[in-house]
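Down below is the structure, laid out as structure tokens.
Residue numbers (our numbering): 168 to 670.
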């Protein structure tokens with residue numbers, strides 16, 4: 168049927184799709200106070216970063232149609248509980264939440280978000296603070312101590328607990344010390360496709376609001392756009408709260424207008440034009456760690472996310488001079504054999520697979536002490552990831568949904584930029600092995616904590632070589648990180664840019 172459905176959990180904790188007309192009002196989140204935007208301490212260098220492009224390139228990107236922010240996400244045990252402990256459902260919800268936030272940021276500020284890391288806790292987590300502010304500080308301290316190798320431009324904590332709302336540091340894109348935010352009181356649902364002025368938009372609104380702070384956006388009442396939050400400070404002396412914007416249904420994401428009568432239904436899922444032009448866009452365009460968003464599929468002439476015969480028909484129909492038309496794939500002003508060759512070469516789905524394939528195995532009942540023979544086992548699930556960089560966790564390993572007695576096999580290719588002697592490492596808890604072109608290079612097998620073992624190979628010419636990594640975890644923590652070191656490359660986690668899909 169055509170219409171809107173809500174992604175939610177039932178009162179029994181089972182994830183599913185619901186018709187808004189049938190959804191019980193009692194299941195909606197009850198909200199109190201909201202948000203604090205924290206200033207970076209004066210003695211901290213706000214530009215402490217690991218840039219992925221030079222400032223000159225960043226300057227040239229002013230006015231770029233899209234820049235991408237790498238977002239790492241941590242959670243608490245209560246967040247997974249919103250989905251009845253189903254790691255797959257929780258992961259899918261996070262992906263949808265970030266997708267919806269990207270739609271808002273892309274439309275209003277030319278920015279999208281890519282999740283580079285997600286952790287779900289199915290047992291005891293390290294989070295115990297009783298307020299958003301205290302938990303944000305605990306989140307930051309834990310990640311600075313334990314998670315420095317996770318690639319990210321920003322990190323966000325998603326909590327299923329009633330901590331009071333959200334909190335974030337202000338203006339911290341690319342700031343490795345303070346690029347953190349926290350969103351709490353989450354319910355595990357919001358209407359999608361996105362609906363303005365809907366009473367169930369809390370999850371989407373709070374995550375986008377706190378991320379807005381990270382990207383330099385202030386509260387709207389702090390800059391004179393509305394007066395919904397004046398009683399909480401930040402307005403000129405003598406100016407008190409005025410809910411006019413809320414009553415008109417024109418309140419925007421960075422406002423406090425959800426605290427007026429009407430609640431979340433007062434809010435439009437958009438940034439105010441002044442917030443866009445004066446804060447978000449300048450901050451994003453000056454952030455030297457960001458990279459351009461991946462290019463869309465140019466050979467998808469008819470926009471159906473597939474390159475196929477329908478696109479071929481359009482190209483042949485528009486053959487010849489055709490400046491600006493979709494069939495002019497190479498933007499040469501002419502639809503010709505060059506466009507045809509690009510189209511034929513791109514036949515198939517538009518989205519490229521992530522470079523590292525992974526298969527997960529349930530080893531329950533086998534009491535593993537060494538790696539099993541995976542050839543005789545059937546995987547419980549498969550997936551893809553950008554790189555093999557999974558720091559030790561007491562929660563589920565990767566996206567397996569399992570925290571104990573789990574096995575995994577990773578298959579990919581590493582694109583070596585130079586010939587010469589290279590050292591590859593696995594750091595794992597428990598055991599792991601790494602093979603290159605079928606030959607064992609790293610043997611880090613057995614039951615142990617996070618231990619690193621390396622091995623060397625001779626690369627005769629630059630280019631991609633097939634790599635297979637096997638892993639198992641018996642109990643306790645689980646983690647796996649693959650590093651490299653070679654000609655012109657210091658020891659580091661093998662970056663996503665160096666991995667290539669097999670085939």
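C-beta: ideal position from N, C-alpha, C; glycine also. Bear in mind the structure is a predicted one, so any value in this text is a computation, not a measurement.
| Asked | Found |
| --- | --- |
| N- and C-terminal bounds of the alpha helix (DSSP H) containing residue 315 | Here residue 315 belongs to no alpha helix (DSSP H), and DSSP marks it neither H nor E. |
| Three-pair Cβ contact test at 8 Å for the segment 648-664 versus the segment 585-593 | yes |
| Same chain, Cβ closer than 7 Å to residue 195, neighbours up to 5 away in sequence not counted | Summary for residue 195: the model assigns pLDDT 38, below 50, so the residue's position carries little reliability; its value from the coordinates is reported in the next sentence. Same-chain partners within the cutoff: 366, 367. |
| CB-CB length for residue 399 against residue 423, believed under 8 Å | 6 Å |
| Distance between beta carbons of residue 451 and residue 341, contact taken as under 8 Å | That belief does not hold up - the Cβ atoms of residue 341 and residue 451 are roughly 10 Å apart, past 8 Å. |
| Residue 543 versus residue 637: straight-line alpha-carbon distance, rounded | 14 Å |
| Extent of the continuous alpha helix (DSSP H) to which residue 260 belongs | 254-276 |
| Contact set for residue 665: own chain, Cβ-Cβ below 6 Å, skip 5 residues either direction | 581, 582 |
| Own chain, CB closer than 6 Å to residue 654, minus 5 neighbours either side, in chain order | 585, 587 |
| Any non-hydrogen atom of the ligand FMN within 7 Å of residue 604 CB | With respect to small molecules bound, the structure shown includes none, and the ligand FMN cannot be examined in it. |
| Cα-Cα separation between residue 607 and residue 600, rounded to whole angstroms | 7 Å |
| Reduced DSSP secondary structure (H/G/I, E/B, other) of residue 516 | strand |
| Exposure of residue 565, with buried meaning 16 or more beta-carbon neighbours within 10 Å | buried |
| Nearest neighbour of residue 414, chosen from 497, 425, 374 [CA to CA] | 425 |
| Check whether residue 502 and residue 482 have beta carbons under 8 Å apart | yes |
| Inter-residue spacing [alpha-carbon to alpha-carbon] between residue 179 and residue 249 | The predicted model places residue 179 with a pLDDT of 36, which falls under 50 and marks its position as unreliable; any figure quoted below should be read in that light. So the two alpha carbons sit approximately 10 Å from each other. |
| DSSP-derived helix/strand/coil call for residue 302 | helix |
| Test item: CB-CB of residue 406 and residue 435 under 8 Å | no |
| Cut-off 6 Å between Cβ atoms - residues of its own chain near residue 576, not counting five sequence neighbours on either side | 526, 541, 637 |
| Same chain only: Cβ atoms within 6 Å of residue 656, ignoring 5 sequence neighbours per side | none |
| Rounded Cβ spacing between residue 460 and residue 235 (contact assumed at less than 8 Å) | 5 Å |
| Distance between residue 493 and residue 499 (C-alpha atoms, nearest Å) | 11 Å |
| Delimiting residues of the alpha helix (DSSP H) encompassing residue 451 | 448-452 |
| According to DSSP, residues forming a beta bridge with residue 502 | 487 |
| From 579, 528, 609, residue whose alpha carbon lies closest to that of residue 572 | 528 |
| Residue 554 in three-state terms, based on DSSP | coil |
| Residues near residue 663 by beta carbon distance below 6 Å, same chain, minus five either side | 553, 554 |
| Residues bridged to residue 480 (per DSSP) | Beta-bridge pairing links residue 480 to no other residue. |
| Pair within 8 Å by beta-carbon distance, residue 353 and residue 326 | yes |
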